[in-house]
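Trainee: Encoded as structure tokens, here's the structure I'll be asking about.
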Amino acid sequence: MLEFMEGSHAVAEIVKRCRPQVIAAYPITPQTHIVEDLAQMVANCEIDAEYITVESEFSALSACLGASAAGSRVYSATTSQGLALMFEVCFNAAGMRQPIVMTIANRSLGAPLSIWNDQQDSISLRDSGWLQFYAEDNQETADLHMIAYKVCEDHDILLPAFVCFDGFILTHTFEPVALPTQEEVDAYLPAFNPYQRLDAANPLSLGMYATPEYYMEFRYEVDRAMQRAKQAFVKAGREFGEQFDRDYSALVEGYRLEDADTALVAMGSICGTAKDAIDEMREHGRKVGLLKIRTYRPFPAPEIADALKGVSTVAVLDKNISLGNGGAVGTEVKAALYGSGISVYDYIIALGGRDVRKRDIAAVVDLAEKGKGDIFYGLRTEVL
Amino acid sequence: MAEVEEGCELFSAGHRACGGCGPALAARLLLKATGKNAILVASTGCMEVFSTPYPETAWGVPWIHSLFENAAAVASGIEASLKRQGRSEKVLCVCGDGATFDIGVLCISGAFERGHDITYICYDNEAYMNTGIQRSGATPYGASTTTSPAGKCSLGNLHKKKDMPAILAAHGAPYVATASIAYPNDFVKKVERAINTPGPCYIQVHTPCCTGWGFEAGETLNMAKLAIETGLWVNYELVDGVVEKAKKVRRKPVEEYLEKQKRFRHLFKPARQDDMIASIQAVADANAERFGIDIKRKESSE
Chain A
464 MLEFMEGSHA VAEIVKRCRP QVIAAYPITP QTHIVEDLAQ MVANCEIDAE YITVESEFSA
524 LSACLGASAA GSRVYSATTS QGLALMFEVC FNAAGMRQPI VMTIANRSLG APLSIWNDQQ
584 DSISLRDSGW LQFYAEDNQE TADLHMIAYK VCEDHDILLP AFVCFDGFIL THTFEPVALP
644 TQEEVDAYLP AFNPYQRLDA ANPLSLGMYA TPEYYMEFRY EVDRAMQRAK QAFVKAGREF
704 GEQFDRDYSA LVEGYRLEDA DTALVAMGSI CGTAKDAIDE MREHGRKVGL LKIRTYRPFP
764 APEIADALKG VSTVAVLDKN ISLGNGGAVG TEVKAALYGS GISVYDYIIA LGGRDVRKRD
824 IAAVVDLAEK GKGDIFYGLR TEVL
Chain B
3 MAEVEEGCEL FSAGHRACGG CGPALAARLL LKATGKNAIL VASTGCMEVF STPYPETAWG
63 VPWIHSLFEN AAAVASGIEA SLKRQGRSEK VLCVCGDGAT FDIGVLCISG AFERGHDITY
123 ICYDNEAYMN TGIQRSGATP YGASTTTSPA GKCSLGNLHK KKDMPAILAA HGAPYVATAS
183 IAYPNDFVKK VERAINTPGP CYIQVHTPCC TGWGFEAGET LNMAKLAIET GLWVNYELVD
243 GVVEKAKKVR RKPVEEYLEK QKRFRHLFKP ARQDDMIASI QAVADANAER FGIDIKRKES
303 SE
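Protein chains in written order, with this note's numbering: chain A, 464 to 847; chain B, 3 to 304.
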């Protein structure tokens, strides 16, 4: 049954049904509504969890790490500066193979201070060992949380995951969302079964240091788990589709790509705008399509190359900037298409919450088809 | 003292600490107090490094190390998880003075304010020893370290030791104590009391470092004892913020402690620094006054 609700509330409702046993979070805009809703659910005994009101995001993720290591399913949510403060713990949690699920309400990073949306925060953690899933709308955001727990807790994976959705654009937007019942979620997501845990009956040492004789193999193992996560995601997405009729078995998803000459590539809510813009352009005979990247880590390079093999031009919309080297997604898409002969152009767009409309998407397509790219789109030159 | 199988130490020999390591002795005593039903959270530092080079571990109880500064936050999560699962293990942090006095204060403050049922043990060797003897907030006044070196125009560390026990007592900690490896039974009893006191408890145990302080490896316990006997270290307990007990001594002049350590050598050679020595004596005198540790005539030692 579809219900009309705020994106943050949909996240809180689905997290509740995923039955985390320990929640640790620190408030930060635009993540606050999620953790407020969860706090109220704990206060109302609607959710059987310990809720730790930590003094910083750094401690939020540290507490999640400890609780996970002790054998509990855990949850946190953050964004932007909060995620930056967690940087050290992010690498640590992945290296220690803790299956933590954390929502990222994507927001830009200061300076200058900005509370508005782009994807610089999570993309800056791309090398941390966290799986990264990006949602287009609030339904997909909610659904990806269930899939994330299933993939992370798979004993062949054991990695943490970000479920990313755009700050304000989705977090504070009301949309119709179909929320599965508790029984349905329980049928999809089994109770947490830790691979190992801190336990006096079976004492283990976790988080030991590694000399040069061992360190590289630990990193290799994390990378192997990342690679295996592709198949695990496909499987979890297919099972989700079988149960709920919404299929997430694809790491990348094409929209009107079959006969397209030009393809946009994007992640997150901008895909919705792009689809509408593509429909309009199609009405004018333009052969344009979209490739949406759902899993940024692991990065689906072969899947991207396969999906785009029929197009001649690619325009990547990057809501981030790797300062000094263009957009992060564009750089990786170019690498994925290396040697294909396809022209790939990158567009830094919508940083710090700047609005993107259908006409902007059409303008990007025009630029790409004229061979003009690798630029910031929509700069206000009068204030430079 | 918790029951330990005969001939079996929960903190195993064969680890990589220096001969004469004070913190290694503290670790061994600590596990004698906790027994097997404990989960330990370590900070990055000497003890973490010398006890757990992968794939070897010296710890016979569950042990976790995450980062330098987050042990109290990790312990908060573990405690919450155990509570949810209805488990009985005691959760302890075991962290050095740098992790405790400096970089970890945020996490410690949060954990103590929230009232988690954890015991935080700071093994205090009064500087960053793992990285090569740099000063921390626990380094005593006048000590030369590699980042507070004595030189032509410096007499070493000119900041007084931070009063962490008072800071944690001010958080409402029900039990705060200082201890010394020179008095092992006292340390063990304090750990037992802390882990059996609900809420966040703190124990700061003085653990001389022969390498960092500059004395012979066989002198570790003597050095710890001299710190007590000069009044530069006081063993006391704060129960609900009030001093319940402090170990009384017939105090010796601080020089007897200082002159035996390389970190204070600049106070005696090439020229004797009377003013500085007097300032350090004043620290001991203030400790004696505050905790009432001086044994008066006709009063017997505790």
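Positions of the beta carbon are idealized from the N, C-alpha and C atoms, including for glycine.
(1) Tell me the rounded alpha-carbon separation between B:F70 and B:G134.
(2) Answer with yes or no whether the minimum CB distance from B:C48 to chain A is below 8 Å.
(3) Does the stretch 126–145 of chain B come close enough to the stretch 204–217 of chain B to have 3 or more Cβ pairs within less than 8 Å?
(4) Check whether the Cβ of B:K164 lies closer than 7 Å to any heavy atom of the ligand FAD, and answer yes or no.
(5) Is there a Cβ from chain A that is less than 8 Å from the Cβ of B:R86?
(6) Between A:G789 and A:G752, is the Cβ-Cβ spacing less than 8 Å?
(7) Tell whether a beta-carbon distance below 8 Å holds between B:A28 and B:I183.
(8) Taking 8 Å as the threshold (C-beta atoms), are B:I120 and B:L94 in contact?
(9) Which residue comes first and which comes last in the alpha helix (DSSP H) that contains B:N224?
(10) Please name the residue, chosen from A:F762, A:Q544 and A:D710, that lies closest to A:S571 on a Cα-to-Cα basis.
(11) List the residues of chain B that A:C527 touches, going by C-beta distances under 8 Å, in chain order.
(12) Would you mind working out which of A:L633, A:I578, A:T674 and A:L621 sits nearest A:E603, comparing C-alpha positions?
(13) Pull the bridge partners of A:L780 from the DSSP assignment, please.
(14) When you compare the CB positions of A:D600 and A:A695, do they come within less than 8 Å of one another, or not?
(15) Nearest CA to the CA of B:D219: which residue from B:R292, B:V43 and B:C23?
(16) Output needed in chain order: residues of the stretch 16–31 of chain B with a Cβ under 9 Å from some Cβ in chain A.
(17) Among residues of its own chain, excluding the 5 on either side of B:D126, which ones have a beta-carbon nearer than 7 Å to its beta-carbon?
(18) For the beta strand (DSSP E) that A:R760 lies in, which residues bound it at each end?
(19) Which residue from B:D287, B:K271 and B:R253 puts its Cα closest to that of B:E261?
(20) At 3 residues or longer, what runs of the beta strand (DSSP E) sit wholly inside the stretch 514–563 of chain A?
(21) Could you work out which residues of chain B lie near A:D662, taking near to mean beta carbons separated by less than 7 Å?
(22) Excluding sequence positions up to five away, which residues of its chain have a Cβ less than 6 Å from the Cβ of B:N39?
(23) With 8 Å set as the bound, which would you pick, yes or no: does the beta-carbon of B:N198 sit closer than that to a beta-carbon of chain A?
(24) Distance cutoff 8 Å, beta carbons only. Does B:G98 sit that close to anything in chain A?
(25) Which residues, in order along the stretch 630–659 of chain A, keep a beta-carbon less than 9 Å from a beta-carbon of chain B?
(26) So is A:E466 buried or exposed if we call it buried at 16+ other beta carbons inside 10 Å?
(27) Let's test the definition: count the other Cβ atoms within 10 Å of the Cβ of A:C615 and tell me whether it reaches 16, buried, or not, exposed.
(28) So that I know if they touch, is there some Cβ in chain A lying closer than 8 Å to that of B:T121?
(29) Strictly by DSSP, which residues pair up with A:T604?
(30) What do you get for A:I812, buried or exposed, if any count of 16 or more other CB atoms within 10 angstroms of its CB means buried?
(31) Does A:Q448 pass the burial test, meaning 16 or more other C-beta atoms within 10 Å, or should it be called exposed?
(32) Could you work out which residue in A:S585, A:D511, A:H608 and A:K782 is closest to A:F554 when comparing CA atoms only?
(33) Just to confirm, is the Cβ distance from A:A624 to A:V697 under 8 Å?
(34) Bridge partners for A:P569 per DSSP, in chain order?
(35) Is A:I824 closer than 8 Å to A:A737 when the C-beta atoms are compared?
(36) Who are the neighbours of A:L667 on chain B, taking C-beta pairs under 7 Å?
Mentor: Put simply:
(1) For the purposes of this step, residue 70 of chain B is taken as residue 68 along the second sequence, with counting starting at 1. For the purposes of this step, residue 134 of chain B is taken as residue 132 along the second sequence, with counting starting at 1. Their backbone Cα atoms lie some 16 Å apart in a straight line.
(2) Here the question's residue 48 of chain B lines up with position 46 in the second sequence. No, B:C48 does not count as interfacial toward chain A.
(3) yes
(4) No copy of the ligand FAD occurs in the structure displayed, which carries no ligand at all.
(5) As a first step, residue 86 of chain B is located in the second sequence; it is residue number 84 there, counting from the start. It does; some Cβ of chain A falls within 8 Å.
(6) Taking the first sequence and counting its residues from 1, the one referred to as residue 789 of chain A is at position 326. Taking the first sequence and counting its residues from 1, the one referred to as residue 752 of chain A is at position 289. Going by C-beta atoms, A:G789 is not nearer than 8 Å to A:G752.
(7) Position 26 of the second sequence, counted from the first residue, corresponds to residue 28 of chain B. Position 181 of the second sequence, counted from the first residue, corresponds to residue 183 of chain B. Contact annotation: B:A28 and B:I183 have beta-carbon atoms nearer than 8 Å.
(8) Taking the second sequence and counting its residues from 1, one reaches residue 94 of chain B at position 92. Taking the second sequence and counting its residues from 1, one reaches residue 120 of chain B at position 118. Yes.
(9) Within the second sequence, the letter at position 222 stands for residue 224 of chain B. B:N224 -> alpha helix (DSSP H) spans T222 to T232.
(10) On the first sequence, residue 571 of chain A is found 108 positions in, with the first residue counted as 1. For A:S571, the nearest C-alpha among the options comes from A:Q544.
(11) As a working note, residue 527 of chain A is residue 64 in the first sequence. The contacting residues are G79.
(12) Residue 603 of chain A sits at position 140 when you count from the first residue of the first sequence. Looking at the Cα atoms, A:L633 is the closest of the given residues.
(13) The residue labelled residue 780 of chain A in the question sits at position 317 within the first sequence. In the DSSP output, where bridge partners are listed per residue, A:L780 has A:Y810.
(14) Your numbering for residue 600 of chain A matches position 137 in the first sequence. Your numbering for residue 695 of chain A matches position 232 in the first sequence. Not in contact: A:D600 and A:A695 (Cβ atoms no closer than 8 Å).
(15) The residue you call residue 219 of chain B lines up with position 217 of the second sequence. The sequence shown places Ala at residue 219 of chain B, not Asp. When only C-alpha atoms are compared, the closest one is B:C23.
(16) none
(17) Start at 1 with the first residue of the second sequence, and residue 126 of chain B comes out as number 124. Contacts found: D99, A140, Q206, V207, H208 and T209.
(18) Start at 1 with the first residue of the first sequence, and residue 760 of chain A comes out as number 297. It spans T758 to R760 - the beta strand (DSSP E) in which A:R760 sits, taken as one unbroken run.
(19) Taking the first residue of the second sequence as position 1, residue 261 of chain B is located at position 259. With distances taken between Cα atoms, B:E261 lies closest to B:K271.
(20) 537–541
(21) Looking up residue 662 of chain A in the first sequence gives position 199. What A:D662 touches in chain B: P64.
(22) The sequence position of residue 39 of chain B within the second sequence is 37, counting from 1. Answer for B:N39: E91, listed in chain order.
(23) Within the second sequence, residue 198 of chain B is the residue found at index 196, counting from 1. No, B:N198 lies away from the interface with chain A (no Cβ there is under 8 Å from its Cβ).
(24) Reading the second sequence from its first residue, position 96 is the one you call residue 98 of chain B. No, no contact with chain A.
(25) none
(26) Here residue 466 of chain A refers to the residue found at position 3 when the first sequence is read from its first residue. Answer is exposed; the Cβ neighbour count stays below 16.
(27) Taking the first sequence and counting its residues from 1, the one referred to as residue 615 of chain A is at position 152. By the neighbour-count rule (16 or more Cβ atoms within 10 Å), A:C615 is buried.
(28) Reading the second sequence from its first residue, position 119 is the one you call residue 121 of chain B. No, no contact with chain A.
(29) Taking the first residue of the first sequence as 1, we reach residue 604 of chain A at position 141. Answer by DSSP bridge pairing: none, since A:T604 is not bridged.
(30) As a first step, residue 812 of chain A is located in the first sequence; it is residue number 349 there, counting from the start. So A:I812 counts as buried.
(31) Residue 448 of chain A lies beyond the residue range present for chain A, which begins at 464 and ends at 847; the question has no answer from this structure.
(32) The residue you call residue 554 of chain A lines up with position 91 of the first sequence. Of the listed residues, the one whose Cα sits closest to A:F554 is A:S585.
(33) Residue 624 of chain A sits at position 161 when you count from the first residue of the first sequence. Residue 697 of chain A sits at position 234 when you count from the first residue of the first sequence. No. Outside cutoff.
(34) Taking the first residue of the first sequence as position 1, residue 569 of chain A is located at position 106. For clarity, residue 569 of chain A is Asn in the given sequence; the question names Pro instead. Per DSSP, A:D629.
(35) To locate residue 737 of chain A, count along the first sequence from 1; it is residue 274. To locate residue 824 of chain A, count along the first sequence from 1; it is residue 361. Yes, Cβ-Cβ distance for A:A737 and A:I824 is below 8 Å.
(36) Mapped onto the first sequence, residue 667 of chain A falls at position 204. Simply P64.
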